[in-house]
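Heads up: the sequence shown runs through residues 9 to 392, numbered per the working numbering. A quick write-up on the structure given underneath.
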Amino acid sequence: MSRIRLGAVLGINQTLSWGMTFYLPAVVAGSAAAALGQPEVNILAAFSWALLVAGFCAPRVGRWIDRHDGRTALLASIPVIATGLAVLAAAPGLALWFAGWTIIGTGMAMGLYDTAFATAGARLGQEAGPTITGITLVAGFASTVFWTLGAALSGWLGWRGLLLVYAGLMLAVNLPMVWLLVPPAPPRARRHGSAAVLQRSAADKRAAILLGGFFALRWFITSAIAVHVLPLFTGLGLSRAEAVGIAALIGPGQVAGRILEWSVGARMNLLLRARLAALLFPLGVLLLLHGGVAAAAGFALLYGMSNGIMTINRGTLPLALFGAEGYASMLGWLAVPVLLGQALAPAASAPLVAALPALDVFLLCGAGAAVAVLFLLPLRLPSG
Numbered sequence: 009m010s011r012i013r014l015g016a017v018l019g020i021n022q023t024l025s026w027g028m029t030f031y032l033p034a035v036v037a038g039s040a041a042a043a044l045g046q047p048e049v050n051i052l053a054a055f056s057w058a059l060l061v062a063g064f065c066a067p068r069v070g071r072w073i074d075r076h077d078g079r080t081a082l083l084a085s086i087p088v089i090a091t092g093l094a095v096l097a098a099a100p101g102l103a104l105w106f107a108g109w110t111i112i113g114t115g116m117a118m119g120l121y122d123t124a125f126a127t128a129g130a131r132l133g134q135e136a137g138p139t140i141t142g143i144t145l146v147a148g149f150a151s152t153v154f155w156t157l158g159a160a161l162s163g164w165l166g167w168r169g170l171l172l173v174y175a176g177l178m179l180a181v182n183l184p185m186v187w188l189l190v191p192p193a194p195p196r197a198r199r200h201g202s203a204a205v206l207q208r209s210a211a212d213k214r215a216a217i218l219l220g221g222f223f224a225l226r227w228f229i230t231s232a233i234a235v236h237v238l239p240l241f242t243g244l245g246l247s248r249a250e251a252v253g254i255a256a257l258i259g260p261g262q263v264a265g266r267i268l269e270w271s272v273g274a275r276m277n278l279l280l281r282a283r284l285a286a287l288l289f290p291l292g293v294l295l296l297l298h299g300g301v302a303a304a305a306g307f308a309l310l311y312g313m314s315n316g317i318m319t320i321n322r323g324t325l326p327l328a329l330f331g332a333e334g335y336a337s338m339l340g341w342l343a344v345p346v347l348l349g350q351a352l353a354p355a356a357s358a359p360l361v362a363a364l365p366a367l368d369v370f371l372l373c374g375a376g377a378a379v380a381v382l383f384l385l386p387l388r389l390p391s392g
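Here's what the structure looks like:
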């Protein structure tokens, strides 16, 4: 199977899986809250719980993938997610709503980016970088596609009907696509337990801590901005329509960053690319000091580009720094601080957003992103 085809198939798989899990609350939270007689914060708390569940499961899934293969985990994740969606559709109250998100959180640990990256890494080894970029490039449209599709279908079918349609799509489209078009990994020698992780050198462990610190801080900030993006932009003096238009530029910025990474990837050191991409965020915040719509648009594009490349770096940097052996286990452990940050950021950032002017919040986020860059500076790629 060609690398381009593998990247395209896994990219479509990730578009479907992300769109029907991570990007689901934005479409159904309001309607579900009204139907279940709950404040929306309780409905969204179940999604945060799902991210915590995914963080708990991620290292265990990674170890399992290292002993078996990522394709099997991808296949297993699809009926798990479909079951969770069906439980949400049938939920009469908050208890079953949380139960559904618990199932979905388990499926997210089994079937999102880290597993797709591990599947590519098992087949291609150190040459998997361009395929990982391709996966994220295709899946970069997940939010745009599923926010639009979800809004249209929920208006027609209702939120419960939408969830059932999504469950059906997972089983009727995603499952056979992965089964038929993603080949099994080549045979490899079995390892006992998690030996690949336990035998890491002290230098590797320090590098893993630095990399985990970078991803945790950046994803915490990114998740905080994502939840409050429209109030923050209107707090800069933009109208509601301008704020929506500026926020819409973040997605194209992500795709543009991934295209840039794809095009220059072979001509620049991977760590240098990652450091430069990470700097785009704080540089974008500085544009906001000039005020106005143009400055906000420039920030949105640079911020989106930085986030888009950072998603690629979640797959490419661990592979380059630590090698293909134990790659899935390393991804699993690195996912823990990321998912914890994503789960805690909305609630932790809300008092700050309420208390400070929007520009000050952006400046604090930019300062945090600049600190995150420092975590990347001591990292070195293995020689040879």
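Don't be surprised by glycine CBs; every beta carbon is placed ideally from N, CA and C. Note that the structure is a prediction, hence the values are computed from the model and not measured.
So, does the segment 48-68 touch the segment 348-367, judging by three or more C-beta pairs under 8 Å?
yes
Just mark Ile-317 as buried or exposed, buried being the case when its beta carbon has 16 or more other beta carbons within 10 Å.
For the purposes of this step, residue 317 is taken as the residue at position 309 of the sequence shown. Burial call: buried.
Could you tell me whether the segment 142-149 touches the segment 328-341, where touching means 3 or more Cβ pairs closer than 8 Å?
no
Trp-155 to Ala-328, Cα distance in whole Å?
The sequence position of residue 155 within the sequence shown is 147, counting from 1. The sequence position of residue 328 within the sequence shown is 320, counting from 1. Taking the straight line from one Cα to the other gives about 34 Å.
Less than 7 Å between the beta carbons of Thr-324 and Ile-140, yes or no?
For the purposes of this step, residue 324 is taken as residue 316 along the sequence shown, with counting starting at 1. For the purposes of this step, residue 140 is taken as residue 132 along the sequence shown, with counting starting at 1. Contact flag set, yes.
Residues in its own chain within less than 6 Å of Ala-203 by CB, not counting five upstream and five downstream?
Working through the sequence shown from its first residue, we reach residue 203 at position 195. Because Ala-203 sits at a pLDDT of 42, beneath the cut-off of 50, its placement in the model cannot be relied upon, and the following sentence gives the value as read from the coordinates. No residues qualify anywhere along the chain.
Sorted by chain position, which residues of the same chain lie with C-beta nearer than 7 Å to Ala-107's C-beta, five sequence neighbours on each side aside?
Residue mapping note: residue 107 aligns to position 99 of the sequence shown, counting from 1. Val-95, listed in sequence order.
If you follow the alpha helix (DSSP H) that Val-344 is part of, which residue opens it and which one closes it?
Within the sequence shown, the letter at position 336 stands for residue 344. Looking at the DSSP string, the run of the alpha helix (DSSP H) that includes Val-344 is 335-363.
Measure the alpha-carbon distance for Pro-191 versus Phe-228 and round it to whole angstroms.
As a position in the sequence shown, residue 191 is number 183, starting the count at 1. As a position in the sequence shown, residue 228 is number 220, starting the count at 1. Each residue's Cα considered, the two are about 35 Å apart.
Report the residue ranges of all alpha helix (DSSP H) runs contained in full by the segment 135-198; include only those spanning at least 4 residues, in chain order.
137-147, 150-177 and 183-189
Is Val-235 closer than 7 Å to Ala-255 when the C-beta atoms are compared?
Here the question's residue 255 lines up with position 247 in the sequence shown. Here the question's residue 235 lines up with position 227 in the sequence shown. No.
Determine, using beta carbons only, whether Leu-244 comes closer than 7 Å to chain B.
Among the chains of the structure shown, chain B does not appear; only one protein chain is present.
Residues in the same chain with beta-carbon distance under 6 Å from Arg-79, minus the five sequence neighbours each way, listed in chain order, please.
Here residue 79 refers to the residue found at position 71 of the sequence shown. Result list for Arg-79: Thr-127, Val-190 and Pro-192, in chain order.
Nonlocal neighbours in the same chain, by C-beta distance under 8 Å from Arg-283, ignoring five residues either side:
For the purposes of this step, residue 283 is identified with residue 275 of the sequence shown, where counting begins at 1. Result list for Arg-283: Val-381, Leu-384 and Leu-385, in chain order.
Distance between Ala-98 and Leu-360 (C-alpha atoms, nearest Å):
Looking up residue 360 in the sequence shown gives position 352. Looking up residue 98 in the sequence shown gives position 90. The straight-line gap from Cα to Cα measures roughly 36 Å.
Taking 6 Å as the limit between beta carbons, can you name the residues of its chain near Gly-169, skipping five residues before and five after?
Against the sequence shown, residue 169 aligns to sequence position 161. Once the five neighbours on either side are set aside, Gly-169 has no close Cβ partner at all.
Same chain, Cβ closer than 8 Å to Val-17, five either side skipped, listed in chain order
Residue mapping note: residue 17 aligns to position 9 of the sequence shown, counting from 1. Answer for Val-17: Met-185, Val-186, Leu-189 and Val-190, listed in chain order.
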